[in-house]
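Under the UniProt record's numbering, read the sequence shown as residues 1 to 102, first letter to last. Using N, Cα and C, we set each Cβ at its ideal position, and we do this for glycine too. Here the structure is a predicted model, which is why all the values come from computation and not from measurement. Taking it in order: structure first as structure tokens, then the write-up.
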Amino acid sequence: MKKYLVYIGSVYAAKNKLEKSIQDLLIPNDRMLLDKKDIRSFKENIIAQIIFINQENRRCNPKNVSWYEDGTNHRDFGLTGVDCISFYLYEIKTKYELDNGN
């Protein structure tokens, strides 16, 4: 079964409580493996949680986030609309196994 790697490329200085809360939501997911069947619900859950964080921080300009698909041959995704963090889902196509040399 295909898997996806959750990857954070960069974390930038948060300008306000909203951005800090979004970073606190996304950072614990770094380098997590997801099954392909779970990708849709994971993406929907991230969007829903960010919408909730927007409502909790009404004094800050809300973040209008969405997912985009990478235009390459891979089925990679990135989160757009958040300037304080680079958040990606990378498709893993091959399973590698280590050989102990025996």
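Beta-carbon proximity of residue i to residue j, cut-off 9 Å
i: ILE53; j: ILE22; result: yes
i: TYR90; j: TYR4; result: yes
i: LEU26; j: PHE77; result: no
i: ILE92; j: LYS37; result: no
i: TYR7; j: ARG40; result: no
i: ASN61; j: LYS17; result: no
Residues that residue i bridges to, as DSSP identifies them
i: LYS3; result: ASP35 and ILE92
i: GLY78; result: TYR68 and TYR88
i: ILE46; result: DSSP, once it has assigned bridges, lists no residue as partnering ILE46.
i: ILE8; result: PHE87
Start and end residues, beta strand (DSSP E) containing residue i
i: THR72; result: Taken as a continuous stretch (DSSP letters only), THR72 belongs to no beta strand (DSSP E), as it is neither H nor E.
Extent of the continuous alpha helix (DSSP H) to which residue i belongs
i: LYS20; result: 17-26
Residue i classed as buried or exposed, judged by whether at least 16 other C-beta atoms fall within 10 angstroms
i: GLU19; result: buried
i: ILE51; result: exposed
i: LEU33; result: exposed
i: LYS63; result: buried
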